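So the structure is just underneath, and the comments pick up after that.
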Amino acid sequence: MRTFILAVVCQILLLSSVVAEANNAAYKLRAGDTIQISVWGEDKLPKDTKVLPDGSITYPLAGRVEVGGLTTTEVETRVAEKLKVYIPDPQVSVVITNIEGNRAFVLGKVVKPGPVQMTGPMTVLEALSIAGGFDKFANLAGIKVLRNTPQGQRVISVPYDRLIQGQDLDKNIVLNVGDTILVP
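Counting the sequence shown from 1 gives a position; our numbering is that position plus 6.
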């Protein structure tokens with residue numbers, strides 16, 4: 007019996023740690039993302055709304071709601087709190103319908119310059135590949151990543167020639183939202 011109880015307790019602890027890890031890894035909304043908000047029993051409320059550049063949305067009865075950096079579960083809670091004034095015990099559901107805000111940019115001497123949609127963690131080499139590779143005039147020794155930080159813009163050199171040889175792989179950095187790769 008003790009073994010059974012111990013096994014059940016271990017199972018519960020394991021499950022709770024998996025759920026906690028899933029919450030930490032959940033996508034966080036950014037400016038440009040589109041979400042669909044549904045309130046059970048309130049079909050007249052609009053469904054789709056886009057996250058504004060300041061990280062907020064405007065939703066009827068709830069007004070302005072800060073959602074930037076939040077998960078859909080956190081947005082459901084925030085919207086429900088604001089709707090409680092008008093709707094008793096609102097049941098809110100939020101679904102991400104478009105992740106436009108999750109982009110980096112590749113500019114310069116590449117085949118397809120422009121925004122690169124990041125659907126998950128993406129490295130410099132992956133973004134360069136999505137941009138179609140280099141044109142014949144590209145200076146592969148001068149590739150840089152421009153990254154905005156609270157302290158200002160940071161410039162990160164990318165040793166492309168060493169990366170493709172399997173060296174300095176730690177320099178194949180994971181891009182942040184809004185990073186710009188420059189290929190001179």
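Backbone N, C-alpha and C fix where the C-beta goes; we use that ideal spot for every residue, glycine too.
Bear in mind the structure is a predicted one, so any value in this text is a computation, not a measurement.
Counting along the chain, where does the beta strand (DSSP E) carrying I264 start and finish? Outside the displayed range of the chain (7 to 190) lies residue 264, so it cannot be described from this structure.
Where L188 sits in the DSSP three-state scheme: Here residue 188 refers to the residue found at position 182 of the sequence shown. It is a strand residue.
Considering E82, what are the terminal residues of the alpha helix (DSSP H) in which it resides? For the purposes of this step, residue 82 is identified with residue 76 of the sequence shown, where counting begins at 1. That run of the alpha helix (DSSP H) goes 78-89.
Span of the alpha helix (DSSP H) holding D167? Residue 167 sits at position 161 when you count from the first residue of the sequence shown. D167 -> alpha helix (DSSP H) spans 166-169.
Among the candidates R70, E48, D167, V183, whose CA atom is the shortest distance from the CA of L58? Position 52 of the sequence shown, counted from the first residue, corresponds to residue 58. Scanning R70, E48, D167, V183 for the CA closest to the CA of L58 turns up R70.
Could you give the distance in angstroms between the alpha-carbon of T79 and the alpha-carbon of V45? The residue you call residue 79 lines up with position 73 of the sequence shown. The residue you call residue 45 lines up with position 39 of the sequence shown. Here the alpha carbons of V45 and T79 stand approximately 14 Å from one another.
For A32, which option in P94, G75, T55 has the closest C-alpha, if you only look at C-alpha atoms? Locating residue 32 in the sequence shown gives position 26, counting from the first residue. In this structure, G75 is the residue among P94, G75, T55 with its C-alpha nearest to the C-alpha of A32.
Write down the C-beta distance between V130 and L181 rounded to the nearest angstrom, noting that I regard them as a contact closer than 8 Å. Here residue 130 refers to the residue found at position 124 of the sequence shown. Here residue 181 refers to the residue found at position 175 of the sequence shown. Yes, V130 and L181 are in contact; Cβ-Cβ is about 7 Å, under 8 Å.
Output the boundary residues of the alpha helix (DSSP H) element that contains I136. The residue given as residue 136 occupies position 130 in the sequence shown. Counted as a single uninterrupted DSSP element, the alpha helix (DSSP H) harbouring I136 occupies residues 130-136.
By how many angstroms is the C-alpha of I136 removed from the C-alpha of K177? Along the sequence shown, read from residue 1 onward, the residue named residue 177 stands at position 171. Along the sequence shown, read from residue 1 onward, the residue named residue 136 stands at position 130. Each residue's Cα considered, the two are about 18 Å apart.
Have a look at Y166 and L146 and give me their C-alpha separation to the nearest angstrom. As a position in the sequence shown, residue 166 is number 160, starting the count at 1. As a position in the sequence shown, residue 146 is number 140, starting the count at 1. Y166 and L146 have their C-alpha atoms spaced approximately 6 Å apart.
Would you say N108 and R36 are within 9 Å of each other, going by their C-beta atoms? Here residue 108 refers to the residue found at position 102 when the sequence shown is read from its first residue. Here residue 36 refers to the residue found at position 30 when the sequence shown is read from its first residue. Result yes, Cβ atoms of N108 and R36 sit closer than 9 Å.
Reference V73, options I93, D95, V100, Y92, closest by Cα: What you label residue 73 is simply residue 67 of the sequence shown in a count that begins at 1. Comparing Cα-Cα distances from V73 to each of I93, D95, V100, Y92, the minimum goes to V100.
G114, buried or exposed, once every other Cβ within 10 Å from all chains shown has been counted against 16: Position 108 of the sequence shown, counting from 1, holds the residue named residue 114. The residue in question, G114, is buried, as its Cβ has 16 or more Cβ neighbours within 10 Å.
9 Å Cβ cutoff met for Q42 and D60: On the sequence shown, residue 42 is found 36 positions in, with the first residue counted as 1. On the sequence shown, residue 60 is found 54 positions in, with the first residue counted as 1. By the CB criterion at 9 Å, Q42 and D60 fall outside the cutoff.
Looking at V112: is its Cβ nearer than 9 Å to the Cβ of A133? The residue given as residue 112 occupies position 106 in the sequence shown. The residue given as residue 133 occupies position 127 in the sequence shown. A Cβ-Cβ contact shorter than 9 Å links V112 with A133.
My output table needs one value for G158: the three-state DSSP class, helix, strand or coil. For the purposes of this step, residue 158 is identified with residue 152 of the sequence shown, where counting begins at 1. DSSP places G158 in strand when its eight states are reduced to three.
State the Cα-Cα distance for the pair T186 and T83, rounded to the nearest angstrom. As a first step, residue 186 is located in the sequence shown; it is residue number 180 there, counting from the start. As a first step, residue 83 is located in the sequence shown; it is residue number 77 there, counting from the start. The alpha-carbon of T186 is positioned some 34 Å away from that of T83.
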